[in-house]
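A short worksheet on the structure shown next.
Residue numbers (this note's numbering): 156 to 261.
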C-alpha cells in the first residue's frame, strides 16, 4: 500500500470525493484508520476505491471492502468501487454484497 493511497477529486456533480487506490495485500486496520482520518480532514461526501489491482480477491478482500464502506457510512459518506476485476464482481455477487458495495456509476 502506498504511503497515502488517497487523493482529492471532484466527482458526481461537483461533490468532492476522496479517491483510494487499493493494492494487495490489504492492511485493513491501517486502511480504515487512514480513511477515517482523511474523511474527517476533508469535506468529501463520497469515497471512490480504485480496485483494479485487486485481481485475486478473497473473503478477506470482501471483509476489507465492507469495513471501508461501514467506515465511510459512519462518517456520512458513500463508498464506490472503480474498475473492479470480473473476479471481484463475481465474488461480490456471490456474497450478496454487490448492492452494499456498488461499482461507481457511469
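Cβ coordinates follow ideal geometry from the N, Cα and C atoms, glycine included. Predicted model, so just to flag it, every value in this text is computed and none were measured.
Inset, instruction - Report the rounded CA-to-CA distance for residue 253 versus residue 191, giving the unit in angstroms. - result: 23 Å
Legend entry - Assigned secondary structure, residue 194 (DSSP; H/G/I helix, E/B strand, else coil): helix
Inset, instruction - Assign residue 182 to one of three DSSP states: helix, strand, or coil. - result: coil
Inset, instruction - Give me the Cα-Cα distance between residue 184 and residue 232, rounded to the nearest whole angstrom. - result: 19 Å
Inset, instruction - Helix, strand or coil for residue 209, going by three-state DSSP, please let me know. - result: coil
Legend entry - Backbone CA spacing between residue 181 and residue 212 [nearest angstrom]: 10 Å
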